[in-house]
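Numbering (the working numbering), first residue to last: 15 to 380.
Ideal Cβ positions, reconstructed from N, Cα and C, are used throughout, including at glycine.
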Ligand SMILES: Nc1ncnc2c1ncn2[C@@H]1O[C@H](COP(=O)(O)OP(=O)(O)O)[C@@H](O)[C@H]1O
Ligand SMILES: [Mg+2]
């Protein structure tokens, strides 16, 4: 086992800057998730750790070892892919044992490790089958098992659940979490799915355009997004982002929107934006119909979507669209005119120039 350290790791494909000076450390035993939209450089970063792509600039360390120029087979990492990459003509037993066999492991040792991995993953009954006789979930178990038998320094998983149906995805998510708890192996897990990232990661690295936007524990990122991109990408339904003006009057500062104003946290609690314009961020669960008219947002409910325990209201307030997540028991219907209220401590503030958060980050004060 080992920590995984990336130092200013950069990758260029011709003129494309796919990964731009990524620096981060995955602690020994930690589960790190890379999350971001398609094309942001997640897979390329992972493949540089695995040795499947060369590094243009920077270095990769596994524990004390500088592995930057090592062949994949010499790094002692195990990678799991979205498409499983099983050998079609070998049965499950041979798929699991193949990596050990090419490394010259004795037969008895292979047998022991294959049986152990199969029992952890609950696939002992499948050892004689060929991949085409397996379901998607079973194939992904075999792919995980193949990584497991190697007892690697690091697990590298690239969207391993993307080919599974929604129900199997949730189930395999739990299996992967359990597997990690049982092995304690340092893991990097790549996904474009922010719910997978939130539920699996000890920490999450949010990426965009080859760069890390923010690294932190899931709820810290949720509560304190560093910029508008992270605020919008993490969380579902999405955070409401509304542009308006900052008014710093004597009675405290407020946000002036289209047809409403809202009290803001004390000015001492946030940095002023570069200009007068400011972007207000409110998560849908922090916006709800209220009897309080002072400092609330007058809105019309356009659509009330029943999600089960909760109802999502899509509202129009002046020129802005706002969503509000309420309990199913708060009977509100399409066509209703409501006042939407929030509290200053739930307000996020961003600078429209560059999108940076104007609130202090408790993880990095000052
Ligand atoms: N082999 C390659 N040749 C050229 N460009 C590539 C290659 N692999 C990836 N890219 C480019 O690098 C960027 C990052 O891709 P990738 O790491 O696959 O993103 P992600 O996994 O986040 O979807 C994209 O612009 C992609 O088109
Ligand atoms: Mg990818």
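Residue range 121-135 is occupied by the alpha helix (DSSP H) that includes residue 126. By DSSP's assignment, residue 257 forms a beta bridge with 293. By the Cβ criterion, the stretch 222-234 is not in contact with the stretch 189-200, since fewer than three pairs of Cβ atoms, one from each stretch, lie closer than 8 Å. The Cβ atoms of residue 214 and residue 316 lie no closer than 8 Å to each other. In the three-state scheme derived from DSSP, where H, G and I count as helix and E and B as strand, residue 142 is classed as coil. Burial is judged here by how many other beta carbons sit within 10 angstroms of a residue's own beta carbon; residue 240 has at least 16 and is buried. Ranked by Cα distance from residue 53, the options 352, 326, 221 and 308 are led by 221. CA-CA distance, residue 133 to residue 93, rounds to 20 Å.
Contiguous alpha helix (DSSP H) elements confined to the stretch 214-280 occur at 232-237 and 242-247, taking only those with 4 or more residues. If you check the C-beta of residue 72 against ligand 1, you find no heavy atom less than 7 Å away. By the C-beta density criterion, residue 98 is buried, having at least 16 other C-beta atoms within 10 angstroms.
When rounded, the separation of the alpha-carbon atoms in residue 173 and residue 204 is 5 Å. Non-local C-beta neighbours of residue 216 in its own chain, meaning closer than 6 Å and more than five positions away in sequence, comprise 44 and 45, ordered along the chain.
Residue nearest to residue 109 within the set 342, 162 and 34 is 162 (criterion: CA-CA distance). Straight-line measurement puts the Cα of residue 372 at about 25 Å from the Cα of residue 211. Beta-bridge analysis with DSSP links residue 201 to 45 and 169. Look at residue 65: its beta carbon is at least 7 Å from all of the heavy atoms in ligand 1.
For residue 52, the three-state secondary structure derived from DSSP is coil. Spanning the alpha carbons of residue 62 and residue 336 requires a straight line of approximately 41 Å.
When only Cα atoms are considered, residue 338 and residue 304 end up about 12 Å apart. Partner residues in the beta bridge of residue 27, as assigned by DSSP, are 30. Leaving aside the five residues that flank residue 201 on each side, the residues in its chain whose CB is nearer than 8 Å to its CB run, in chain order, 40, 44, 45, 46, 168, 169, 170, 171 and 194. The three-state secondary structure of residue 318, taken from DSSP, is strand. Residue pairing for residue 364: DSSP places it in a beta bridge opposite 293 and 371. Contact between the stretch 242-254 and the stretch 287-298 is present: 3 or more CB-CB pairs across the two stretches fall below 8 Å. Nearest to residue 320 by alpha-carbon distance, out of 311, 302, 341 and 312, is 341. For residue 362, the closest alpha carbon among the candidates 208, 111, 23 and 268 is that of 268. One residue list follows from the rule of a beta carbon closer than 5 Å to any heavy atom of ligand 1, given in chain order as 27, 32, 52, 53, 54, 55, 56, 57 and 58. Rounded to the nearest angstrom, the gap between the Cα atoms of residue 96 and residue 334 is 39 Å.
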